[in-house]
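Residue numbers for the sequence shown follow the working numbering, so the first one is 1435 and each next one is one higher.
Backbone N, C-alpha and C fix where the C-beta goes; we use that ideal spot for every residue, glycine too.
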Amino acid sequence: SITVIFCTSVALSLSLLSTSTMGFVPSLPVSSAPKRTRHDISKFAAAAPPASSSSSSSSSLRPPANRETRAFNKELNELSRSKEKGSAQKAEALLLSALELGEENGVYPNVVSFSTVLNAWSRTYEAEAPERALLLLEKLERLYKETGDDGLRANAYTYGAVINTLGRSRVPDAASRAETILHKMEEFCEAGDVGCCPDSYIYSSCINAWTRSTEDESAERAHALLERMEEPDTIAYTSVIQAYARSSRRDAAEKAELLLKHMNELVADGSRGVAPNFRTVNYVLQAFARKATFANQYAEKAEKLLSYMEEQYNAGYMELRPT
């Protein structure tokens, strides 16, 4: 019955709220870089030309990607996608070794190399990941500034990997740092650098950073990013609703409810990719659960919302199956 479903949902919501508000938030770790061991990258140098004694370290980064560099990037990609513990550290150590060796082995690390290692860090939940990603991005931007080599120019994939890493972390200022990078991308995009234009995935990653943040006004910051998106999707809307569900704002429940209503209006107007799912509705229920008057006004709203879920599910929309 609806009453049973309602009680179950309320219990689930309260349980989720109790666990989400008591987690320890670590400070940004100050860790040392991976050991700067000189990894053997000679296997990439089968056809490498002999090194020129007159070449500088910066000029060794200028040549376009050759066969050795492509083989090197493939190796980094395999490490990036590995589920083995410490694969991100191994990928970064390999990249740093190649940078130190310069043209000695005919390998010229480029933006693909850096982006691949950054992607490796974005796949982990290790405490050092945000710091490592930010330092690698800083190194890449410095190399580009020093050499002017377009092959070392950060792009949307590069910045997106760093934002995603920050979005998955629990460090206190992760969301602010992620949004700073997003602003930089928007400025580059407006200046004509289409390779840095952020897409919906990057915006959603930044919104997710604010959703997980304990900073003041995190829900409002997430909502502001949603409004800047050209075509926000279900993931983006759901993340903002989740931020309101965790917010202590007095009007958090109303904000979450209005967003859900707006999603339904968009669907009714024919928009695709914005239909609410079970997670969307459950976060609205959590927002209701935080209200002091939950047993009265919001209990009725919650029951109506559960009835809506049942109606949609019975009509064939499996994403809103009540549990």
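Alpha-carbon to alpha-carbon, Tyr-1751 and Asn-1544: The alpha-carbon of Asn-1544 is positioned some 46 Å away from that of Tyr-1751.
How about the region 1589-1600 and the region 1559-1574: do they share at least three Cβ pairs that are nearer than 8 Å? A contact exists between the region 1589-1600 and the region 1559-1574.
Is the CB-CB distance between Lys-1725 and Ala-1679 below 8 Å? No, Cβ-Cβ distance for Lys-1725 and Ala-1679 is not below 8 Å.
Tell me which residue opens and which closes the alpha helix (DSSP H) that Cys-1630 is part of. Segment: none, Cys-1630 is in no alpha helix (DSSP H) and carries neither H nor E.
Cβ atoms of Ala-1554 and Ser-1514: under 8 Å apart, would you say? Judged by beta-carbon spacing, Ala-1554 lies within the 8 Å limit of Ser-1514, meaning their Cβ atoms are closer than that value.
Arg-1713 versus Ala-1690, Tyr-1542, Ala-1656 and Lys-1618, residue with shortest Cα-Cα distance: Checked all of Ala-1690, Tyr-1542, Ala-1656 and Lys-1618; the closest Cα to Arg-1713 is Ala-1690.
Buried or exposed, going by whether 16 or more other CB atoms sit within 10 Å of the CB of Asn-1748? Exposed, by the Cβ-count rule.
Does the Cβ-Cβ distance between Thr-1648 and Asn-1711 come in under 8 Å? Contact: no.
Smallest Cα separation from Arg-1671: which of Arg-1683, Glu-1737, Leu-1754 and Leu-1692? Checking the displayed sequence, the identity of residue 1671 turns out to be Tyr instead of Arg. Its Cα nearest to that of Tyr-1671, the residue Leu-1692 stands out among Arg-1683, Glu-1737, Leu-1754 and Leu-1692.
From the DSSP output, in three-state form, read off Glu-1651 for me. Looking at Glu-1651 - three-state DSSP - the assignment turns out to be coil, as it is neither helix nor strand.
Quick one, are the C-beta atoms of Ala-1656 and Trp-1644 less than 8 Å apart? Result yes, Cβ atoms of Ala-1656 and Trp-1644 sit closer than 8 Å.
Here's a check: name, in chain order, each residue in its chain whose Cβ is nearer than 7 Å to the Cβ of Gly-1707, leaving out the five neighbours to either side. Annotation for Gly-1707: Asp-1667 and Thr-1668 place their beta carbon closer than 7 Å to its own, counting only its chain and skipping 5 residues before and after.
Residues in its own chain within less than 8 Å of Asn-1698 by CB, not counting five upstream and five downstream? Taken in chain order, the residues that qualify are Pro-1710.
What residue range is occupied by the uninterrupted alpha helix (DSSP H) comprising Ala-1588? Segment: none, Ala-1588 is in no alpha helix (DSSP H) and carries neither H nor E.
Just mark Thr-1614 as buried or exposed, buried being the case when its beta carbon has 16 or more other beta carbons within 10 Å. Answer is exposed; the Cβ neighbour count stays below 16.
Within this structure, are the beta carbons of Ala-1590 and Ile-1636 separated by less than 8 Å? Contact: yes.
Would you tell me roughly how many angstroms separate the C-alpha atoms of Val-1701 and Cys-1623, rounded to the nearest one? About 30 Å.
Could you tell me the boundaries of the alpha helix (DSSP H) in which Arg-1566 lies? Residues 1563-1581.
If you draw a straight line from the alpha carbon of Ala-1736 to that of Leu-1719, how long is it in whole angstroms? Across the structure, Ala-1736 and Leu-1719 are spaced so that their CA atoms are roughly 6 Å apart.
Starting from the Cα of Ala-1567, find the closest Cα among Asp-1583, Glu-1537, Arg-1602 and Leu-1535 and give me that residue. If we check each option's Cα against that of Ala-1567, Arg-1602 comes out closest.
Select from Cys-1631, Ala-1733, Val-1605 and Asp-1685 the residue whose C-alpha is nearest the C-alpha of Leu-1616. Checked all of Cys-1631, Ala-1733, Val-1605 and Asp-1685; the closest Cα to Leu-1616 is Cys-1631.
Given Ser-1638 as reference, the closest of Lys-1517, Ala-1588, Glu-1560 and Ala-1677 once Cα atoms are compared: Selected option, being the one with the closest Cα: Ala-1677.
Spatial distance of Ala-1532 from Lys-1508 (CA atoms): Taking the CA atoms as reference points, Ala-1532 sits about 14 Å from Lys-1508.
Taking the runs of the alpha helix (DSSP H) that are 4 residues or longer, which of them lie wholly in the region 1489-1546? 1501-1514 and 1521-1535, all fully within the region 1489-1546.
Measure the CB-CB distance between Leu-1535 and Ala-1525 and report whether it falls below 8 Å. Note that the C-beta distance between Leu-1535 and Ala-1525 is not below 8 Å.
Helix, strand or coil at Val-1464 [DSSP, three-state]: In this predicted model, Val-1464 has a pLDDT of only 34, less than 50, meaning its place in the structure is not dependable; the value taken from the coordinates is given anyway. Three-state result, Val-1464: coil.
Taking buried to mean at least 16 other C-beta atoms within 10 Å of its own C-beta, is Gly-1520 buried or exposed? Answer is exposed; the Cβ neighbour count stays below 16.
Considering only C-alpha positions, which residue in the set Val-1551, Glu-1575 and Arg-1557 is nearest to Lys-1618? Among Val-1551, Glu-1575 and Arg-1557, the Cα nearest to that of Lys-1618 is on Glu-1575.
Is the beta carbon of Ala-1653 sitting closer than 8 Å to the one on Arg-1683? Cβ atoms of Ala-1653 and Arg-1683: closer than 8 Å.
For Val-1605, which three-state DSSP category applies? Looking at Val-1605 - three-state DSSP - the assignment turns out to be coil, as it is neither helix nor strand.
Taking Arg-1604 as the reference, which of Ala-1561, Thr-1592, Asp-1584 and Asp-1583 has the closest Cα? Nearest C-alpha to Arg-1604: Ala-1561.
Do Ile-1675 and Tyr-1732 come within 8 Å of each other at the CB atom, strictly closer than that value? Not a contact, by the Cβ cut-off of 8 Å.
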